[in-house]
Amino acid sequence: MGSSLNQPEFDYLFKLLMIGDSGVGKSSLLLSFTSDTFEDMSPTIGVDFKVKYVDVGGKKLKLAIWDTAGQERFRTLTSSYYRGAQGVIMVYDVTRRDTFTNLSEVWAKEVDLYSTNQDCIKMLVGNKVDKESDRVVTKKEGISFARECGCLFIECSAKTRANVQQCFEELVLKILDTPSLLAEGSKGMKKNIFKEKLPQSDASTSSCC
Ligand SMILES: Nc1nc2c(ncn2[C@@H]2O[C@H](COP(=O)(O)OP(=O)(O)OP(=O)(O)O)[C@@H](O)[C@H]2O)c(=O)[nH]1
Ligand SMILES: [Mg+2]
Numbered sequence: 001m002g003s004s005l006n007q008p009e010f011d012y013l014f015k016l017l018m019i020g021d022s023g024v025g026k027s028s029l030l031l032s033f034t035s036d037t038f039e040d041m042s043p044t045i046g047v048d049f050k051v052k053y054v055d056v057g058g059k060k061l062k063l064a065i066w067d068t069a070g071q072e073r074f075r076t077l078t079s080s081y082y083r084g085a086q087g088v089i090m091v092y093d094v095t096r097r098d099t100f101t102n103l104s105e106v107w108a109k110e111v112d113l114y115s116t117n118q119d120c121i122k123m124l125v126g127n128k129v130d131k132e133s134d135r136v137v138t139k140k141e142g143i144s145f146a147r148e149c150g151c152l153f154i155e156c157s158a159k160t161r162a163n164v165q166q167c168f169e170e171l172v173l174k175i176l177d178t179p180s181l182l183a184e185g186s187k188g189m190k191k192n193i194f195k196e197k198l199p200q201s202d203a204s205t206s207s208c209c
């Protein structure tokens, strides 16, 4: 019964950003997380965006997940998407070493440069662990790099969906554990519009332009 009309739709809105080289599986991970499916995808053009509602740590969360293009020609476009993100997911492909080395050469630098939340939580993700026989980047190397740049770390597979939910959940739990990212003024403001005093419903008082 309890009508949802006077209940806030969610407790927090978090903006998450996915970055990493082209072909590492960012869009596939996002699809795997939001739709429980895996299909062959075309490279992302510019940026894509998906919303998912989750219950984590006893909170109702709205996740706005920005999936950026890894291709170099979109790099300048990508920088503006860092604004206000509480979490950044840096993805590499465990079967392609260049995607791993580019994390320190390119992606970690971008995060430092463009991130506007200084406490923004970073998650390093080694994807495609289903291709174990083609693996060239060891788990130990991933852990070590994550430690170096203060990231969380997980290995997963968008294809088998191994660890995909955990990846997003662990990131979100850490955000929930970071007071500065929950504070009003950050983009993760508690959504309170149903509790806010609404202006008098008098058209003449409207300040809308
Ligand atoms: N075997 C395997 N293949 C994967 C996995 N994740 C993605 N792929 C494949 O890798 C290719 C690239 O995946 P995308 O998700 O498009 O990669 P992306 O990082 O979004 O690439 P851009 O949009 O160009 O930045 C596709 O052919 C996927 O099917 C995985 O976990 N395992
Ligand atoms: Mg993509």
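Residues in the sequence shown are numbered from 1 upward in steps of one, following my numbering. No residue lacks a Cβ here, since even glycine has one placed at the ideal position from N, Cα and C. Bear in mind the structure is a predicted one, so any value in this text is a computation, not a measurement.
Figure out for me which residue from the options has the closest Cα to the Cα of residue i.
| i | options | result |
| --- | --- | --- |
| L124 | S115, L152, K139 and F168 | L152 |
| G70 | D119, V54, S42 and G150 | S42 |
| T34 | R96, D177, Q166 and S180 | Q166 |
| S28 | T44, K15 and K140 | T44 |
| E132 | D93, D119 and L103 | D93 |
| D130 | A162, F100, A85 and L103 | A162 |
| S32 | K52, G20, G46 and D21 | K52 |
| K128 | W107, T95, S144 and E148 | T95 |
| G58 | I19, L181 and L176 | L176 |
| A85 | V111, V54 and F100 | V111 |
| T72 | S22, A108 and V54 | The question names Thr, yet the displayed sequence has Glu at residue 72. Of the listed residues, the one whose Cα sits closest to E72 is S22. |
| T68 | D55, L173 and V91 | V91 |
| E148 | K159, E169, K174 and A108 | A108 |
So residue i packs on residue j, CB below 8 Å; how close in whole Å?
| i | j | result |
| --- | --- | --- |
| F74 | A64 | Wrong, their Cβ atoms sit about 19 Å apart, outside the cutoff. |
| Y12 | L61 | 5 Å |
| Q178 | I89 | The identity of residue 178 in the sequence shown is Thr, whereas the question assumes Gln. Contact flag wrong, Cβ pair sits at about 16 Å. |
| G126 | E155 | 4 Å |
| G87 | L171 | 5 Å |
If you reduce the DSSP assignment to three classes, tell me which class residue i lands in.
| i | result |
| --- | --- |
| A64 | strand |
| G242 | Residue 242 cannot be examined here, being either before or after the span of the chain that is shown, 1 to 209. |
| V94 | coil |
| N102 | helix |
| D55 | strand |
| K159 | coil |
| F74 | helix |
| I154 | strand |
| K26 | helix |
| I45 | coil |
| F168 | helix |
| V253 | With the chain covering 1 to 209 only, the question about residue 253 has no answer from this structure. |
| F33 | helix |
| K187 | Because K187 sits at a pLDDT of 44, beneath the cut-off of 50, its placement in the model cannot be relied upon, and the following sentence gives the value as read from the coordinates. In this structure, K187 counts as coil in the three-state DSSP scheme. |
Consider the C-beta atom of residue i and the heavy atoms of ligand 4; say whether any pair is separated by less than 8 Å.
| i | result |
| --- | --- |
| G20 | In the structure shown, ligand 4 is absent; the only ligands present are ligand 1 and ligand 2. |
Tell me, please, whether the stretch 113 to 121 touches the stretch 130 to 141 by the rule of three or more beta-carbon pairs shorter than 8 Å.
no
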